[in-house]
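Accompanying notes for the structure given below.
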Amino acid sequence: MPRHRGDEMGATPQGQVDTVVLIHGLWMTPRSWEGWAQRYTERGMQVIAPAWPGMDRSVEQLRDDPSPIAEQSIATIVAHYDKIIRALPRPPIIMGHSFGGLFTQILVDRGLGAAAVGVHPAQVKGVLKVPLSQLRSGFPILRSPANRNKAVPFTPDDFAYTFGNAMSREDSDRAWQRYAVPGAGRVYFEGAFANLDPRSPARVDVGRNDRAPLLLMAGEVDHVVPASVVRANAGLYQKSRALTAYEQFAGRSHFTVGQDGWEKIADYALDWALRAAALPREATIASEAPRR
């Protein structure tokens, strides 16, 4: 994508976009963004990383009492971030991981944001690919319809398959201890069965031409949202003339926000978003075809 007015890679446009809103995903809290938030702050960005509504507690507290997790739904979470973003003085970069990446796409569809990045995002309604690894990742929740209204425990074994598959088991267990919380059953069911629900909260207008630029990033060894799913999600936006980009990274698992080497991924996401946000809106009406 061309640079705007000679901006160098990594430069923060002064007087333009200066805020990043980070949205965490399922099985996580804002703590998962701690490295990215610090790195972006050091680059001069204002970073906001709110928890899902009612989940503004520590990982340890949510494990002891996961009732706030059980109350989550896609609609209430998106409404929560919608209110936060609209209260900002100017449009921010919106960046979401996993289900946070789905929420990011919904928020952009509402006309919010100067640019947006889905980091290994859960798919919007319309993506039909469901690889076996994705089914296995969701099995702890999907195995029982009763889990729809529960916060489902996320064990170290679950984490090792879904998030820690590119890490040693020791490192995976250590990451589970620091970051993992039970999964919101209702949110996962709503996402998993979006294509069967004509009024799904995971639907977006993929043909919208006046939305902010959107980058969808995938990991080569992601079990939770495999690269083929992210690529198919990006492909839906070919119906739109707004800027859409897809990028796949070798060796990256779903835990790309904490996996060794995350700095390169974080920098790529912010650099892309800053350049895209600096472009005149009419210049973004030129979609990039998904690659790889």
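Okay, so the sequence shown: first residue is -19 according to this note's numbering, each after it adds one. The beta carbon of each residue, even a glycine, is placed where N, CA and C say it ideally should be.
One alpha carbon belongs to I57, the other to G81, and they sit about 12 Å apart. Closest in alpha carbon position to K63, among R149, D190, P30 and Q157, is P30. Cβ-Cβ distances below 8 Å link V104 to L82, Q85, I86, A174, A182, R183, V184, V186, N213 and L216 in the same chain, with the five nearest sequence neighbours on each side left out; the list follows chain order.
Sequence-distant partners of S47 (beyond 5 residues in either direction) whose C-beta falls short of 8 Å from its own C-beta, in its chain, are A131. Residue range F79 to D89 is occupied by the alpha helix (DSSP H) that includes T84. The DSSP-derived three-state label of G118 is helix. DSSP places V132 within a strand segment (E or B) once states are collapsed to three. By a beta-carbon distance limit of 8 Å, N145 does not contact V205. Their separation comes to about 13 Å. The segment 151 to 166 makes contact with the segment 126 to 140: 3 or more CB pairs, one atom from each, lie closer than 8 Å. Here DSSP, grouped into helix, strand and coil, assigns L176 to helix.
Counting only the Cα atoms, R123 lies some 19 Å from K109. Listed as beta-bridge partners of A96 by DSSP are I74 and L194. If only complete runs of 4 or more residues are kept, the segment 203 to 256 shows the alpha helix (DSSP H) at 207 to 216, in order along the chain.
DSSP links Q103 through a beta bridge to no other residue. When S12, I54 and A192 are compared, the shortest CA-CA separation from A253 is found for A192. Around the C-beta of L115, fewer than 16 other C-beta atoms lie within 10 Å, and the residue is accordingly described as exposed. The DSSP-derived three-state label of Q26 is strand. Excluding five sequence positions before and after Q26, the CB atoms of its chain that fall closer than 7 Å to its own CB belong to D(-2) and T(-1), given in chain order. Approximately 4 Å separates the beta-carbon atoms of V210 and A198; this is inside 8 Å, confirming the contact. By the CB criterion at 8 Å, A59 and A256 fall outside the cutoff. Its chain contains E200 as the residues whose beta carbon lies nearer than 6 Å to that of A230, once the 5 sequence neighbours on both sides are disregarded; these appear in chain order. Between G238 and A155, the CB-CB gap stays under 8 Å. Judged by DSSP secondary structure, L42 falls within the alpha helix (DSSP H) whose first and last residues are V39 to D44.
Linking Q228 to S78 through their CA atoms gives a straight-line distance of about 15 Å.
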